[in-house]
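Before any comments, here is the structure.
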Amino acid sequence: MNRLIAIIGGDARYLELIKQLQMLEETTIILVGYDKLDQGFTGLKQVDFNELELDTLDAIILPITGTDSDGNIATVFSDQQIKLTHEWFRNLKKSVKVFTGITNDFLNEVTKEENIDFISLFDRDDVAIYNSIPTAEGAVMMAIEHTDYTIHSSRVIVSGFGRVGQTVVNKFAALGAKVSVSTNSIRELARITEMGLKPIPIEKLHEHTNRCDILINTVPALIIDEKVIGELPPNGIIIDLASKPGGTDFEYAKKRGIQAILTGSLPGIVAPKTSGRILADVIKQILLGEGDKS
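Residue numbers (the UniProt record's numbering): 1 to 294.
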């Protein structure tokens, strides 16, 4: 049976995602929102949004950013105005799978109401761990670009030891940095010690930042506050990898003259091809029923 997939919108990462999904057997891919793209895709059908036959689709892939709170989709490669409504979702067949990178209240509400199988890719452990690789490499790139000293022997503090934090710690330690890690988890503090790194309880972070060259935050909560920033040396730098609005008091950092960078989505910036392949691999696994749900 032929599988019908609609890809609606997307950025540079989706160019590789499309190439990878083309390799699926017995699959037809329809593109919406790619009419301004210079490069073409052989064998793929491009249609306007209102030409989609909704009740025939087996899977729909929304952009990484999903929609805004009103259901509007941002299209990088098109001038089309695309808006998803409750009625639009209601016309999908019940067995459809809808993928997005990031979800929001609108998408959660409408897919729940219509009982649609909805997959938020960035909420999955596998995607987060795979994506932590280009994120960490991007953090290394930022550190090199915005400092006048080597990472080797630099005093680096990483705030957070989750899926991204662990990879960041590994990359900087491998480059010879003197890495400390701050977390509020007793278990994680023990693991940090076992790895030969310096553990810092999160509530004592401010006691250590006076001896920090590069402060990297991975926690999406206000961790890098006035107390923490106030102790940083003048040539210190903050690299905030957390999702917007980050976990740094950027106003206070600016007031103090401390360079603080909210990086945004580094995988899409430093390695869109790898990022697209990661997403395609996970989507293929889900469509083919391989592996578990996380």
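Glycine is no exception: its CB is placed at the ideal position from the N, C-alpha and C atoms.
(request) Would you kindly work out how many angstroms separate the C-alpha atoms of Val32 and Thr193, rounded to a whole number? (result) By one-based count along the sequence shown, residue 32 stands at place 32. By one-based count along the sequence shown, residue 193 stands at place 193. Distance between the alpha carbons of Val32 and Thr193: 50 Å.
(request) Could you check the C-alpha separation between Cys212 and Val270 for me, to the nearest Å? (result) Against the sequence shown, residue 212 aligns to sequence position 212. Against the sequence shown, residue 270 aligns to sequence position 270. Going by the C-alpha atoms only, they are around 26 Å apart.
(request) Using three-state DSSP, classify Gly10 as helix, strand or coil. (result) Counting from 1 along the sequence shown, the entry for residue 10 is found at position 10. Gly10: strand per DSSP, three-state reduction.
(request) Would you check if the distance between the CB atom of Leu215 and the CB atom of Ile157 is smaller than 8 Å? (result) As a working note, residue 215 is residue 215 in the sequence shown. As a working note, residue 157 is residue 157 in the sequence shown. Their beta carbons are under 8 Å apart, which means Leu215 touches Ile157 by this criterion.
(request) Note down, in chain order, each residue of its chain lying with its Cβ closer than 7 Å to the Cβ of Asp68, except the 5 sequence neighbours on either side. (result) By 1-based counting over the sequence shown, the position of residue 68 is 68. Hits under 7 Å: none found.
(message) For a test of the three-state rule: what should DSSP assign to Val228, helix, strand or coil?
(response) Here residue 228 corresponds to residue number 228 of the sequence shown, with the count starting at 1. Val228: helix per DSSP, three-state reduction.
(request) Work out the CA separation of Arg163 and Ser78 for me, nearest whole Å. (result) Residue mapping note: residue 78 aligns to position 78 of the sequence shown, counting from 1. Residue mapping note: residue 163 aligns to position 163 of the sequence shown, counting from 1. C-alpha separation (whole angstroms): 34 Å.
(request) Measuring only between beta-carbons, confirm whether Leu4 sits less than 8 Å from chain C. (result) Going by chain labels, chain C is absent from the structure shown, which holds only one protein chain.
(message) I need the straight-line Cα distance from Thr167 to Ala136, nearest angstrom please.
(response) Locating residue 167 in the sequence shown gives position 167, counting from the first residue. Locating residue 136 in the sequence shown gives position 136, counting from the first residue. CA-to-CA, the gap between Thr167 and Ala136 works out to about 6 Å.
(request) State the start and end residues of the unbroken alpha helix (DSSP H) segment that holds Val110. (result) What you label residue 110 is simply residue 110 of the sequence shown in a count that begins at 1. Residues 105-113.
(request) Check Ser180 in the structure and name its three-state DSSP category. (result) The sequence position of residue 180 within the sequence shown is 180, counting from 1. Note: Ser180 maps to strand in three-state DSSP.
(request) Measure from the alpha carbon of Arg124 to the alpha carbon of each residue in Gln81, Val282, Glu290, Lys83, then state which is nearest. (result) Residue mapping note: residue 124 aligns to position 124 of the sequence shown, counting from 1. For the residues Gln81, Val282, Glu290, Lys83, the minimum Cα distance to Arg124 belongs to Val282.
(request) For Ile157, write down the residues that DSSP places opposite it in a beta bridge. (result) Taking the first residue of the sequence shown as position 1, residue 157 is located at position 157. Answer by DSSP bridge pairing, in chain order: Ser180, Leu215.
(request) Starting from Ala190, follow the alpha helix (DSSP H) in both directions and report where the run begins and ends. (result) Numbered from 1 along the sequence shown, position 190 holds the residue referred to as residue 190. 186-194 is the span of the alpha helix (DSSP H), which, as asked, contains Ala190.
(request) Rank Pro272, His206, Glu290, Lys284 by C-alpha distance to the C-alpha of Glu16 and give the top, closest one. (result) Residue mapping note: residue 16 aligns to position 16 of the sequence shown, counting from 1. Looking at the Cα atoms, Pro272 is the closest of the given residues.
(request) Please state if the CB of Ser159 and the CB of Lys178 are separated by a distance shorter than 8 Å. (result) Residue mapping note: residue 178 aligns to position 178 of the sequence shown, counting from 1. Residue mapping note: residue 159 aligns to position 159 of the sequence shown, counting from 1. No.
(request) Report the option in Lys45, Thr65, Asn115, Ile82 whose CA atom is closest to the CA atom of Asn104. (result) Here residue 104 is taken as the residue at index 104 of the sequence shown, counted from 1. The shortest C-alpha separation from Asn104 is found at Thr65.
(message) Starting from Gln259, trace the beta strand (DSSP E) in both directions and tell me its first and last residue.
(response) Here the question's residue 259 lines up with position 259 in the sequence shown. Per DSSP, Gln259 belongs to the beta strand (DSSP E) from 259-262.
(request) Tell me whether His206 is buried or exposed, calling it buried when 16 or more other Cβ atoms sit within 10 Å of its Cβ. (result) As a first step, residue 206 must be located in the sequence shown, where it is residue number 206. His206 is buried by the Cβ-count criterion.
(message) Please report the distance separating the alpha-carbon of Thr75 from that of Leu24.
(response) Within the sequence shown, numbered from 1, the residue matching residue 75 stands at position 75. Within the sequence shown, numbered from 1, the residue matching residue 24 stands at position 24. The straight-line gap from Cα to Cα measures roughly 25 Å.
(request) Could you say which of Leu175, Ile30, Ile258 lies nearest to Gly236 if we only look at CA atoms? (result) As a working mapping, residue 236 is identified with position 236 in the sequence shown. It is Ile258.
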